[in-house]
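Remarks on the structure that follows.
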Amino acid sequence: MTKQSNLEKIRHSLAHLLAMAILEKFPKAQLGIGPTIENGFYYDFDKIQTDQINLPELEKKIKELIKQNLKFKKESVSPAQAKKLFNKKPYAQPYKLELIKDIQKTKKPITIYKTGDKFIDLCAGPHIKSTGEIDPESFKLTKIAGAYWKGSEKNSQLLRIYGVAFENKKSLDEYLEKMALAERCDHRNIGERLGLFMIDEQIGKGLPLWLPRGFAIRKKLEDYIFELERENGYQHVLTPHIAKEDLYKKSGHLAHYKEDMYAPIIIDNDRYYLRPMNCPHHHSIYKHTKRSYRELPLRIAEFGTVYRYERSGVLSGLIRVRGFTQNDAHIYSTQENLESEIVNVLNLHKKVFEDFEIKDYWYRLSLPDFKNKEKFGDVKNKKIWDQGSNILKKALKNTGHKFVEAIGEASFYGPKIDIQTKDLYGKEDTIATIQVDYYSAQKFDLSYIGKDGKEKPPIVIHRAIFGSFDRFFAFLIEKTCGNLPLWLAPVQVKILAISENQDSYAEKILKELKTAGILAEKATSNETLSKRVREAQMQKIPYLVIIGNNEIASNTISVRSVKNDEGVMTLENFIKKIKTEIEK
RNA sequence: GCCAGAAUAGUUCAGUGGCAGAACGAUCGCUUCGUAAGCGAUAAAUGUGGGUUCGAUUCCCGCUUCUGGCUCCA
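Just so it is clear: in the first sequence, position 528 is 834 by the working numbering, and no numbers are missing.
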């Protein structure tokens, strides 16, 4: 372990105390690992009775341990000593023994930590000096979950107990408060409150239905990106959502991706699959005619709806679904143009994120892990992968983007640049992706005629700026907590007449706003003005237009935005104001 | 898929082994109001299939769906 902050030491020490508390209650418990994580810590256990775990009770126990001011003592031990320590009959610690073996392989020294005189854990540390340094009110055990030993599904599943911990009670309370507030901006809650989308059990899990207001927003996203792509030389296409089995044999999806695909529809002896990706359809379009180097780079784009049979436990709102629409495109490029094309794509991403005022994102270079035979097993030509990885790396460097490398995160057909962000609760997610693919040309027999008159394989760039409309939409809703910028708002203006007496004037204003291309609605005057203002505010409608006798007399309107009272103005000026804001 | 928790009206929640309750929303009526909740009435629910029981929304089991993790992933 490298240098750690004091808070990390506290968190790690709390993990040890959690294990200690568990062992007191369940002497037969077997310990896995207990590291620190963002905001806290966890510890994995085996051989304990889940139904007997009571988190508040455990918390109490840990607080008692803290108050005993137990010392943390580090000791270096030989492998033999370590094995003996964790092989005490009758309750040996097999997981610790496995870890000792792993450490031996690395030839690193083995260290243990003693807490008080009862508890010993295999641990590199560092820790605080004694439990007295922990504020007993500064932590909270939060949840119980299952987790596979060493992160592999093939291993046994352990029981993981999570906790959050901070320097003091105040910071803990602030964190808990922040989480509670985050829930209010959760796209699932806002989606329900504002009537944006729904999911129906009868239709199927992970298959969202877009309601009128949600669709209004989505349509604007589509229009925005459609225009931008067209300006940047993309050609849009539309292709079917299903295809015959042979296509997916050829693409490698049935070999690598079958688990994530819906089972085939069998009809007239043919097997049709719902498509999990759009690439093969676009390759078919590429192949439709003979291509010349003059046509390249050829940029084929589609709002492509795909279906993936995601495992049931992973589905979540619009973030992880089984049917979604990608803002997809495939760029067929020559080797010479490849880097500049990737730079183009990177720049396009940058523009989009600027337009949406998205700042908290970072680039991840996702590379293959050749040890993972299942995913990258038929990769015979490592050189080609390296070539792809290097060109992505170079493009990132030359455009001055900082990035992190992630081994094993590549797609089965190539390395990629993923654009990562964090959700409300601090969880990492991909919102956009750029992939380099040297394989499809060969698999699909794609080619172009080069300057020299010879056939050559194109290199395919897969890219999705919005990732999927669904996820990007969710991300936007959460980022703005439902207060979308004016140009995206499904209802931009709500007109409130103070009483029915002003109804016809309100109607006239409504018509004129609509004619001006502004999304406006009129509220019925059956409720008090205050109530209608409140309702509109809760619906996150950017502008309210209020009309009473004063406005009629002066032929003006009274405007109120989410943030403040904009005062009285003429309709023309209001329309001008709105249009300027939308333009921006 | 696995681990843990949950499912009561359109929504958010309460409650009970013996007639299921509120708030908001909806509908209807009254009210016509100057910037975040006017008044009244009406309609509306125990996810689903089994079991235990005289009787189950409540207890038990299966399924479905949701939430949080793990693996996976746009």
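All C-beta atoms, glycine included, are put in the ideal place defined by N, C-alpha and C.
Buried is the label assigned to Q741, since at least 16 other Cβ atoms lie within 10 Å of its Cβ.
Rounded to whole angstroms, the gap between the alpha carbons of K657 and I328 is 52 Å. With the rule of 3 Cβ pairs closer than 8 Å, the region 723-735 counts as touching the region 662-669. The alpha carbon of A716 has as its nearest neighbour, out of G732, N704, P396 and G694, the alpha carbon of G694. Within the region 699-780, the runs of beta strand (DSSP E) at least 3 residues long that lie entirely inside it are, in chain order, 709-713, 722-728, 734-743 and 765-774. Between the region 455-472 and the region 347-366, the count of C-beta pairs closer than 8 Å reaches three or more; the two stretches touch. S753 is the residue among D574, R769 and S753 whose C-alpha sits nearest the C-alpha of P763.
Annotation for P570: E551, R577, Y578 and Y579 place their beta carbon closer than 8 Å to its own, counting only its chain and skipping 5 residues before and after. For S639, same chain residues with a beta-carbon under 7 Å away, outside a window of 5 residues either side, are L602, P603, E647, P764, I765 and I767 in chain order. Annotation: G346 is outside any alpha helix (DSSP H); the continuous beta strand (DSSP E) that includes it extends over G346 to D352. Using a C-beta cut-off of 8 Å, the region 355-364 makes no contact with the region 475-493, since fewer than three inter-stretch Cβ pairs fall below that distance. Three or more beta-carbon pairs separated by less than 8 Å are not found between the region 440-449 and the region 416-423, which leaves the two stretches without contact. Within the region 608-662, the complete beta strand (DSSP E) segments at least 3 residues long are 629-639, listed from N- to C-terminus. The continuous alpha helix (DSSP H) containing A325 extends over residues N312 to K331. For M844, the three-state secondary structure derived from DSSP is helix.
The bridge partners DSSP lists for V874 are S864.
Here the C-alpha atom of A803 lies approximately 11 Å from the C-alpha atom of V839.
Closest by C-alpha distance to K837, out of N393, G431, I852 and E660, is I852. L337 has its alpha-carbon roughly 29 Å from the corresponding atom of S618. Listed in chain order, the non-local C-beta contacts of Y397 below 7 Å within the same chain comprise P333 and K334, local neighbours out to five positions each way being set aside. Between the alpha carbons of Q845 and L502 lies a distance of about 11 Å. Going by DSSP, R519 is part of no beta strand (DSSP E) but of the alpha helix (DSSP H) stretching over P518 to E537.
In this structure, the straight-line span from the alpha carbon of I372 to that of V710 is close to 38 Å. For K407, the closest of S384, D758, A859 and Y563 by C-alpha to C-alpha distance is S384. Within the DSSP secondary-structure output, L337 pairs in a beta bridge with F351. Contact between N704 and V651 fails: their C-beta atoms lie close to 13 Å from each other, not under 8 Å.
Here T412 is exposed: its Cβ has fewer than 16 other Cβ atoms, across all protein chains shown, within 10 Å. Note on geometry: alpha-carbon atoms of V620 and I354 lie some 26 Å from one another. Counting of Cβ neighbours within 10 angstroms places R600 among the exposed residues, the total staying below 16. If you draw a straight line from the Cα of E370 to the Cα of K484, it comes to about 28 Å. Residue environment analysis places L320 among the buried positions, since at least 16 neighbouring C-beta atoms fall within 10 angstroms of its C-beta. Cβ contact annotation for G629 (same chain, cutoff 6 Å, sequence separation greater than five): L513 and Y613, in chain order. Take the alpha-carbon of A826 and the one of L794: they are about 13 Å apart. Rounded to the nearest angstrom, the Cβ distance from A549 to R581 is 6 Å, consistent with a contact under 8 Å.
Among the bridge pairs identified by DSSP, E827 is matched with K800. Taking all protein chains in view, the Cβ of G706 is surrounded by fewer than 16 other Cβ atoms within 10 Å, so the residue is classified as exposed.
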